[in-house]
Every structure is written in C-alpha cells, then in structure tokens.
Amino acid sequence: LTRTCAPSHPQFTPFFLPKHQSNMAKLLILAAVAAVVNGQFHVNVNRARRTLPACTLQGTCNVQASIADQSVSCGTNEVMVGLDVVNQELIPQCNCQFGFANCDMEDGCETSIFVDKTKCGSCDNNCDGLPFVDLTECRFGSCGILTCQEGMSNCNLDASDGCEVSVNNDTYNCGFCGRNCDNSENVESSVCSGGECIISTCEEGYANCNGENVDGCETVLDISFNDCGACGNSCFQPNTYNQYCSNGMCNYTCAPNYGDCDGDKSNGCEVFLGNDVNNCGACNNTCVNSLNQEWICEISDNTGLGACAPKGPCLDGFADCNSIDGNGPPDGCETDITSAEYCGRCDHNCTSQLQANHATVVGVSIKIYLMYISLFTVLNRLNVSKNCVVCNIRVHCIILLLTFLLVAVCAPGRLDCNGFPFDGCENTTC
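Going by the numbering used here, the sequence shown opens with residue 8, and the numbers climb by one from there.
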C-alpha cells in the first residue's frame with residue numbers, strides 16, 4: 008500500500024514555506040530560522056526527525072498549525088544549540104555563552120567566569136581564598152595574584168597555592184624569587200636572613216672583604232694587594248718598596264737602614280737600624296757595652312749604615328790603654344788610671360819614676376853624707392867645729408841645700424811639672 012500524507016490544515020504553512028515542500032523539509036526550515044534568530048546555525052536534524060508526527064492510516068499528519076506560530080528563545084548569555092518538540096511544543100536546547108556560567112541555577116548564565124574572582128573559571132573557584140595573598144584578580148577564567156603578603160612571594164607562578172615562598176629565609180629565593188644564595192660568587196655556604204644572603208664560609212682562597220653579600224666572596228686572597236692572605240692585610244707597608252702579593256704573602260724590599268726584625272709582614276720594616284743598639288746595621292746585631300764604657304748605634308760616616316761605636320770617653324778613672332788609634336782588643340776601658348802604675352793616664356807610671364828618683368836621692372844622700380862626714384872630720388881636726396857654731400850651721404845649711412838641688416835633678420826625658428819633689432819627675436811634657 009502506498010500512502011501519501013497531506014496536511015489536514017492548509018493554513019499551517021507559513022508564507023515563507025513553499026507549499027510543495029514536505030512536512031520534514033518545512034520543519035527543518037523552521038528550526039533553521041529559529042537558530043538564525045538566536046545566533047546559532049546548528050540544528051539537531053536527528054532530533055527533529057524523531058519528533059516529526061507519524062502519518063495516520065487516513066494519510067493525514069497530526070501536526071498542528073500552532074507549532075509554526077510558536078516563538079522560542081534562550082536566557083541571558085545563552086545560545087541555542089537545538090530544538091525539541093514535546094507535545095506539539097518547541098523546546099529550545101540552550102548552552103551558556105563562552106565565558107559565562109549559570110551559578111545561581113536560575114534562568115540564564117548570569118556569571119562572567121572570566122572576570123569574577125569569586126567564581127573564576129567555575130562557580131566554586133574563589134580567588135580570594137589563596138594563602139598569603141593580599142590582592143587577586145580573575146584573568147580569563149584563571150586566578151591571578153596581584154600582591155602577596157609581606158615577606159611572601161609566588162615564585163612557582165602557580166596561583167593555586169598562593170604566595171608559597173617566604174623570601175625572608177628561603178635560601179633559593181632570598182629577597183626575591185630566583186635569588187639562590189648558594190650561587191653567589193665563590194661562596195661555599197650561606198643562609199638567607201631578612202631577605203639577604205648572609206655568607207657563612209667562602210671557598211678556599213677567597214674572602215668577602217668588602218662586607219657586601221650581593222657580590223659573594225669577591226676577593227682573591229692569593230694576589231690581592233690590599234687583602235693579601237687576609238682581609239685588610241695591605242702590602243703597602245712603611246719603609247718598604249717593590250711591594251707585591253704572591254700566594255697570600257706580602258713581599259717587599261726594606262728601605263736602607265730599615266729591617267723587618269719581627270718577621271711580621273703586616274707592619275713592614277718596623278726597625279730603624281741606624282740607632283737601635285739591639286738591631287744595629289742589621290736585625291739582632293747588638294751593641295754590647297765594653298768594660299767601663301757605654302756603646303751606642305749610630306750612622307757610620309763611611310758606609311752610611313748603622314754601626315756600633317763608643318758613646319764617648321771612658322768612665323771616670325778608667326782608660327783604654329791597650330788600644331792604639333782605636334785598633335785594639337774590644338775590651339773597652341780596661342785600665343784603672345788611679346793606680347800608681349797608670350797614674351792619671353796610660354803612659355804615667357808613677358811607680359818607675361818614684362823608684363828612679365828615690366834611687367837618685369838615696370845615692371846622692373849617701374854621697375853627701377860621706378862628704379859631710381869627711382868635711383866634719385877635717386873641721387874637727389882643725390878645731391873649727393868646736394869653736395865656730397856659725398860654721399857648723401853653715402855647713403849643715405850647705406849640706407841641706409845641696410841635697411835638695413841634687414834631688415830636683417830629673418832623669419833625661421822627664422820633667423817635674425808640679426814642683427812637688429815627692430812624686431818625682433812625673434811628666435814627659437808640661
């Protein structure tokens with residue numbers, strides 16, 4: 008049997024539907040028009056086909072004219088994606104527009120999930136609940152962090168865990184994200200405190216001499232002129248020249264008459280060798296006082312360097328009698344010139360002079376005495392001495408005068424300068 012369905016109500020066909028079109032085509036056109044009106048060109052053809060009324064045995068279709076007269080639409084921020092016919096009523100199929108959501112479960116998609124930070128990306132995503140975050144925003148459906156709480160930072164750029172890093176004490180993000188204290192120049196170990204990298208230890212041969220943690224251990228101690236071997240140990244030392252640093256040790260040459268006698272490179276050539284009796288001319292060269300004579304260190308006229316020399320003459324009562332023109336044994340003033348052998352000076356031997364003078368006196372006295380006895384004997388024989396007292400006196404006076412004259416006669420090369428007969432002829436010159 009062949010059946011042909013024909014509309015039972017000719018007025019059902021709207022003016023824009025050709026009368027020769029089938030009911031299926033007409034329904035599709037209606038769905039397309041409704042989709043265009045709502046900005047959606049997609050039509051669920053299969054669903055529309057399933058909702059078409061079936062033909063009756065009488066060959067008529069049970070499609071009411073009221074369907075064509077219905078007006079359908081979606082809610083706020085919704086788009087139509089299809090139509091359903093339920094009990095001869097058009098039911099639109101609607102979805103939220105891109106970037107919107109129906110969070111209150113009422114008609115329309117009222118929430119912009121692209122910008123609403125309390126419903127960012129989804130109805131249950133609140134950006135304000137992120138840890139250690141002060142200000143947030145919603146960026147195209149994703150939470151964004153504007154500012155963190157003080158001392159915190161979002162170093163992993165993941166807003167889901169908020170500002171997760173404490174930049175005040177994080178060694179790998181110290182002060183700001185990505186600042187790794189362990190990566191500081193020539194640093195062996197360090198800590199983060201108050202957002203600053205604090206250097207604990209430097210690598211061997213390096214030091215943080217400028218006290219700045221930002222540039223690490225910047226000083227090379229092996230060759231640094233101002234920090235040689237240790238911070239602050241400058242090779243520019245007093246009384247030196249040709250200074251340089253090598254292997255952490257200062258090297259220099261001492262200026263003339265200066266010496267590095269303590270071996271301490273930090274104070275240079277600290278000793279003046281021109282007047283130091285313990286370091287005279289050279290380190291540890293001591294000027295030793297001689298017997299009864301003080302020695303000093305002074306600049307030599309010959310060499311221009313420090314040399315030991317006597318401070319002055321011998322102490323009172325002493326002399327250097329075994330030295331000729333300063334060339335003799337270094338025994339100082341060895342001679343006591345208050346003795347008879349060295350009376351007042353080295354060449355004044357009172358002992359030999361007195362002995363000579365005494366020998367002369369004794370010899371002369373004996374001769375005078377013998378002459379006196381002979382003369383007195385002669386006078387006695389002539390009976391002069393008994394009767395002439397004056398003659399006796401004269402004889403005695405003559406004898407005494409002759410004695411003194413003979414005593415005053417000095418040996419050749421000797422002189423009696425003080426006129427005192429009892430010390431003999433005490434000088435060679437007066």
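C-beta: ideal position from N, C-alpha, C; glycine also.
The Cβ atoms of Tyr213 and Val227 lie closer than 8 Å to each other.
Minimum Cα-Cα distance from Phe121 among the listed residues Asn286, Cys150, Ser253 corresponds to Cys150. DSSP lists Glu305 as the bridge partner or partners of Ala314.
Taking every protein chain shown into account, the CB of Lys318 has fewer than 16 other CB atoms within 10 angstroms, so this residue is exposed. If you check the CB distance, Cys224 and Asn246 do not come in under 8 Å. Looking at the DSSP output, Leu90 shares a beta bridge with Pro99. Measuring C-alpha to C-alpha distances from Gly89 to each of Ser80, Cys81, Pro99 identifies Pro99 as the nearest. Of all alpha-carbon atoms in Asn240, Ala262, Asp229, Ser297, the one lying nearest the alpha-carbon of Lys272 is that of Asn240.
DSSP, read as helix, strand or coil, puts Cys155 in strand.
With fewer than 16 other beta carbons inside 10 angstroms of its own, Glu157 counts as exposed.
Cβ contact annotation for Cys350 (same chain, cutoff 8 Å, sequence separation greater than five): Ile344, Asn356, Cys357, Glu433, in chain order.
Counting every other CB atom within 10 Å of its CB across the protein chains shown gives Glu85 a total of 16 or more, marking it as buried.
Annotated three-state conformation of Thr118 is strand, per DSSP. Looking only at Ser167, Asp123, Ser173, Asp168, the smallest Cα-Cα distance to Met159 is reached by Ser173. Assignment of beta strand (DSSP E) within the region 189-238, counting only whole runs of 3 or more residues, yields 194-200, 203-209 in chain order. Ranking Gly275, Cys184, Asn176 by CA distance to the CA of Cys162 puts Cys184 first. Distance from Tyr265 to Cys276 at the Cβ level is roughly 4 Å; contact confirmed, criterion being Cβ atoms closer than 8 Å. Distance from the CA atom of Asp177 to the CA atom of Glu203, rounded to whole angstroms, is 10 Å.
Here DSSP, grouped into helix, strand and coil, assigns Ala166 to helix. DSSP places Tyr179 outside any beta strand (DSSP E), giving it a letter other than H or E. The C-beta distance from Met256 to Gly236 rounds to 6 Å, short enough to meet the 8 Å contact threshold.
Of the residues assessed, Ile205 falls on the exposed side of the cut-off, its CB having fewer than 16 other CB atoms within 10 angstroms. A distance of 8 Å or more separates the beta carbons of Gly288 and Gly324. As the crow flies, the alpha-carbon of Cys290 is around 8 Å from that of Val278. Following the DSSP letters along the chain, one finds Gln250 inside the beta strand (DSSP E) bounded by residues 247-253. Here Cys424 is exposed: its Cβ has fewer than 16 other Cβ atoms, across all protein chains shown, within 10 Å. Here Cys170 has Phe139, Val140, Cys155, Met159, Ser160, Asn161 as same chain residues with Cβ atoms under 6 Å from its own Cβ, once five neighbours each way along the sequence are excluded. With 16 or more other Cβ atoms from the protein chains shown falling within 10 Å of its own Cβ, Thr342 counts as buried. Look at Asn274 here: in three-state DSSP terms it is helix. Between the C-alpha atoms of Ser346 and Cys328 there is a straight-line separation of about 13 Å. At the C-beta level, Ile306 and Gly339 stay beyond 8 Å of one another. For Val79, no beta strand (DSSP E) run applies, since DSSP gives it neither H nor E. For a cut-off of 8 Å, the C-beta gap from Asn274 to Gln250 is around 13 Å, too long to register as a contact. Contact annotation, Asn94 with Cys103: C-beta distance approximately 27 Å; criterion of less than 8 Å not satisfied. The beta carbon of Asn292 is closer than 7 Å to those of Asn286 in its chain, skipping five residues each way along the sequence. Per DSSP, Cys145 is one residue of the beta strand (DSSP E) stretching across 140-146.
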